[in-house]
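To keep things clear, I will list the structure first and then write my remarks on it.
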Amino acid sequence: MFKYVIRFRWFILALVAAGTVSFALALPKLKFDPDAEAYVPKHHPMRVFWAEAKERFGLGREIIVAVDTQRSDGVFTPHMLAAIRDLTEGIKALDGVIADEVRSLSDAEAIVGREDGLDVVPFYEEPPKTLEEARAIRDEVFRNTVYVNRLVSEDGSIAVILVKAHHAFRDTPTEVYQQVADYVAKHPIEGARILIAGNPAVEAVFGRQMAADLERLIPMAMFVVVTVLFLCFRGVSFSGLAIRTVAAAALVGAWQAWSGNVALGGLALTALAVAMLTVRGVLLPSLVVVVSVVWTWGMQALLGMPVYIAGTLVPPLLLAIGCADGIHILERYFEKAATCDDRERVVVSTMNELWRPVVLTALTTAAGFGSLAAGNMTVYQVFGLTTGFGILVAMVMSLTLLPAMLVMLPLPRSPRRSVSIRVVPGALMALGRWVEARRRLVLAAGIVLVVIFRIAAGNLHIDYSWVDSLAPGSSVREADRVLRERYGGTTPLNVIVRAPEPGGIKDPALLEAMDRVLAELAEHPQVGDTRSIAEYLKRMNQAMNADRPEAFRIPDSRELVAQYLLLYSMSGDPGELDDMVDYDYQAANMAIRSRSDRLRVLDDLVDTTESLLDR
Numbered sequence: 151m152f153k154y155v156i157r158f159r160w161f162i163l164a165l166v167a168a169g170t171v172s173f174a175l176a177l178p179k180l181k182f183d184p185d186a187e188a189y190v191p192k193h194h195p196m197r198v199f200w201a202e203a204k205e206r207f208g209l210g211r212e213i214i215v216a217v218d219t220q221r222s223d224g225v226f227t228p229h230m231l232a233a234i235r236d237l238t239e240g241i242k243a244l245d246g247v248i249a250d251e252v253r254s255l256s257d258a259e260a261i262v263g264r265e266d267g268l269d270v271v272p273f274y275e276e277p278p279k280t281l282e283e284a285r286a287i288r289d290e291v292f293r294n295t296v297y298v299n300r301l302v303s304e305d306g307s308i309a310v311i312l313v314k315a316h317h318a319f320r321d322t323p324t325e326v327y328q329q330v331a332d333y334v335a336k337h338p339i340e341g342a343r344i345l346i347a348g349n350p351a352v353e354a355v356f357g358r359q360m361a362a363d364l365e366r367l368i369p370m371a372m373f374v375v376v377t378v379l380f381l382c383f384r385g386v387s388f389s390g391l392a393i394r395t396v397a398a399a400a401l402v403g404a405w406q407a408w409s410g411n412v413a414l415g416g417l418a419l420t421a422l423a424v425a426m427l428t429v430r431g432v433l434l435p436s437l438v439v440v441v442s443v444v445w446t447w448g449m450q451a452l453l454g455m456p457v458y459i460a461g462t463l464v465p466p467l468l469l470a471i472g473c474a475d476g477i478h479i480l481e482r483y484f485e486k487a488a489t490c491d492d493r494e495r496v497v498v499s500t501m502n503e504l505w506r507p508v509v510l511t512a513l514t515t516a517a518g519f520g521s522l523a524a525g526n527m528t529v530y531q532v533f534g535l536t537t538g539f540g541i542l543v544a545m546v547m548s549l550t551l552l553p554a555m556l557v558m559l560p561l562p563r564s565p566r567r568s569v570s571i572r573v574v575p576g577a578l579m580a581l582g583r584w585v586e587a588r589r590r591l592v593l594a595a596g597i598v599l600v601v602i603f604r605i606a607a608g609n610l611h612i613d614y615s616w617v618d619s620l621a622p623g624s625s626v627r628e629a630d631r632v633l634r635e636r637y638g639g640t641t642p643l644n645v646i647v648r649a650p651e652p653g654g655i656k657d658p659a660l661l662e663a664m665d666r667v668l669a670e671l672a673e674h675p676q677v678g679d680t681r682s683i684a685e686y687l688k689r690m691n692q693a694m695n696a697d698r699p700e701a702f703r704i705p706d707s708r709e710l711v712a713q714y715l716l717l718y719s720m721s722g723d724p725g726e727l728d729d730m731v732d733y734d735y736q737a738a739n740m741a742i743r744s745r746s747d748r749l750r751v752l753d754d755l756v757d758t759t760e761s762l763l764d765r
C-alpha cells in the first residue's frame, strides 16, 4: 500500500493542501456556545418542562442591569430616579429587547386602593423634583413588597432594570447582553456604578474567556509538542540552538514591533519554538497534528456544530495525542536510515512495520472518545465525536502525509539517537527488574492502594459554579458578588403549579399553600427573593382594605380573588402578571431567586422545595 503512497505523493500533498485550505476557510463560521442548557439532555424531563414554562409564561434568561449607589436609600433621589428612567428608556430601544417586558422603578406600577375600587398607577411618570417627592416614591415602593429585592434592594441602595431578549434572540441572549453592555458603557450615571449580571451576561463573558483561553492553550500546547519532538529528534547542538533562538527572537521581535503587539512571554516561547524547528524531527509531525486540528474544527464549523466548553480541550488533546504516531514512525525511520541508503525503501519498510500499531492505537483511542456520543448530553456527544474524528484524521495523515513528505527529503547524513533511546529504555528495564523481583509486594501494595483510593472516592462531591469559573476581576463576577450580598441574587428557579381545571389557580386554599411554601423557602439562607401571584393578591387585598397591615393576606373567597384580578387587569398592566400565571389561570409560576449558582446550593434548594411541596 505504501508504495502507492510514495508513487502518488504529489497527489496526496495537493489533496491534503486543498482540504486544509477548505476547512481553514470554514473556521470563521465556528461559534462558541457557553449555554448551560446544553449540559442537560434534550429529552430530560426538566429541560422539556423548562421549554414548556418558557412558552407558557414567557420566561427567559433575564439580563440584570443594576444601578448601585453604594449608600442606603441612594436610589430615591431626584437625580437617580431620573437617571433610572432615562437608562430604562434607552435599553427599551435596543434591538432584540422586548420593550414591553423591561421592568424598572420608572415603569413599575403600584397597587393602591380607592373609594370606588382598585387602582394601579406608576410609581412616577415624571422624575420627582424634590427629595420629599422622592421619599414619597420610596414609601410607595416598599408598600408594594413584590418589588423589594426585585426592582430595588432592601436598603434602597440598588435599583435594578430587568431585561428580556426578544423571541428571535431567545436562544442567543448573549447578543442582547452585548448591546446592553455597550449602551451602558456609553451612558454612565454620576454618583453610581452600573453592574450587569444574569445568566446571559455570565455566558457572554464565559464565551470570551473560552476564546482567550484557547489563544493561550493552543500555542502553549504547540510549544510543548515542539519541545518534546526536538528532544526526541535533536538535529542541532544546544549551542546551535542558542544561536538559532537569538536569531529567531530578533525576527519575531521585529514582527511583533511592526504589528504593535509586543509580549515578552510570547516572544520568548515563539523564538524558542522557531529555533527548535527541524524539518524531519519537528516540522513534519507538527504539521500532521496542526492539519488534524484544522480539519476537525473546520468540519465542525461546516456541520454547524458549536464549540461548547468541553470542546476547548479538543485542540490541545489532538496536539498531544496526534504527535505520538509521528514519534514512533520517525524513531523507526531514523534507525533504518542508519543502515540503508535507499530513501523509498526506508520509508516503505518503516510504514509496513508500524501501520498496524498506528491504526490500532488510533482506532481504540477514537472509539474511547466516540463512546461519549452514546450519552445523553449534547456537550459531551459533540466533544467525543469531534475528538474521535480528529484522532482518525491524525492517523490518516500519519499514514499518508508523513511518508509522502519523508520520501521527498534526503536521508539524514548520520544516525540520530534520540534522548529516549539513550535514557528511557535503561530506566524502564531497571524498573522492570525491580518489579519482577518484588512482584508479590508490588501486587499487594497495588491492591491496598486501590482499596484506599476507593474509600477516599466516596468523599468526592460534585460541585460547580459558572460565576466562580469566570476570571477573577471579571466585571460580571464582581456584579454577581454585589447582587448576591446586597440584593436578592441572580440565579432564578421556577416552580410551576398546575391546577386540575382552568381557573383553579384562583382557589384561595391553593394560593395559601403556594404562599406558605414560598414563606418557608424565604427563610433559607441562600434564597434572596420569592414571588408568586399570591403576593400580588395579598397586596390587592391590603390596598382594598385601607392599607391595614392585617389585611395583607389572601382574599377569603374565589369570587373575591377573581374580582381583584379583573380590577387589576382593567386598571393596570396585565403583562405584569404574564410570568406569574397563564391566561386561563390553570398554571402558576412560583419564582425563586438564589444568592448562589453553586450546584450543591441549588441541589439543596431543590430538595428543600420538593420536601415542602410533598407536605
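Letter by letter, the sequence shown follows residues 151 to 765 in our numbering. The C-beta atom is built at its ideal place from N, Cα and C for all residues, glycine as well.
Proximity below 8 Å, CB of residue i to CB of residue j
i, j, result
"Leu-437", "Arg-493", "no"
"Met-694", "Ser-682", "no"
"Val-441", "Thr-170", "yes"
"Asp-728", "Gly-246", "no"
"Ile-213", "Val-313", "yes"
"Ile-241", "Tyr-333", "yes"
"Leu-281", "Pro-228", "yes"
"Val-352", "Val-617", "yes"
"Leu-452", "Gln-329", "no"
"Val-647", "Met-740", "yes"
"Leu-643", "Leu-762", "no"
"Leu-255", "Ile-339", "no"
"Met-545", "Ala-523", "no"
"Phe-273", "Glu-290", "yes"
"Arg-698", "Lys-688", "no"
"Ser-744", "Val-645", "no"
"Trp-445", "Val-543", "yes"
"Leu-180", "Gln-359", "no"
"Pro-184", "Phe-356", "yes"
Continuous beta strand (DSSP E) stretch holding residue i: start and end
i, result
"Val-313", "308-313"
"Thr-680", "677-681"
"Leu-345", "343-347"
"Val-215", "213-218"
Beta-ladder partner(s) of residue i, from DSSP
i, result
"Val-247", "Ala-315"
"Pro-272", "Glu-259"
"Ser-744", "Thr-641, Val-677"
"Arg-264", "Gly-267"
"Ala-737", "Arg-648"
"Phe-182", "Val-457"
"Val-795", "Because the chain in this structure spans residues 151 to 765, residue 795 falls outside the shown range and cannot be described."
"Val-225", "Bridge partners of Val-225: none, in fact."
"Val-617", "Bridge partners of Val-617: none, in fact."
"Arg-253", "Leu-312"
N- and C-terminal bounds of the alpha helix (DSSP H) containing residue i
i, result
"Asp-475", "464-487"
"Val-441", "434-452"
"His-229", "228-242"
"Arg-708", "708-721"
"Pro-195", "195-207"
"Ala-174", "159-176"
"Ser-761", "749-763"
"Asp-289", "281-293"
Residue-level contact to chain B via CB, residue i, 8 Å cutoff
i, result
"Gly-240", "Any reference to chain B falls outside this structure, which holds one protein chain only."
(Q) Three or more C-beta pairs under 8 Å: does that hold for the segment 258-274 against the segment 289-304? (A) yes
Q) So, do the segment 455-472 and the segment 520-531 have three or more beta carbon pairs nearer to each other than 8 Å? A) yes
(Q) Does the contact criterion of 3 or more C-beta pairs under 8 Å hold for the segment 544-557 versus the segment 158-169? (A) yes
Q. Which whole runs of the alpha helix (DSSP H) in the segment 628-670 are 4 residues long or more, in chain order?
A. none
Q. Counting Cβ pairs closer than 8 Å, one from the segment 266-277 and one from the segment 322-342, do we hit at least three?
A. no
Q.
Please give the ranges of any alpha helix (DSSP H) in the segment 514-550, keeping only runs that are unbroken, at least 4 residues long and fully inside the region.
A. 528-549
Q: Indicate whether the contact test is met: 3 or more Cβ pairs, each with one atom in the segment 300-316 and one in the segment 221-232, closer than 8 Å.
A: yes
Q. Would you call the segment 711-721 and the segment 653-672 in contact, with 3 or more CB pairs under 8 Å?
A. yes
Q | Uninterrupted beta strand (DSSP E) stretches inside the segment 576-611 (no shorter than 3 residues) | A | none
Q.
Closer than 8 Å is the cut-off here; do at least three beta carbon pairs connect the segment 597-615 with the segment 741-755?
A. yes
Q.
Check whether the segment 341-358 and the segment 617-629 touch, using three or more Cβ-Cβ pairs below 8 Å as the test.
A. yes
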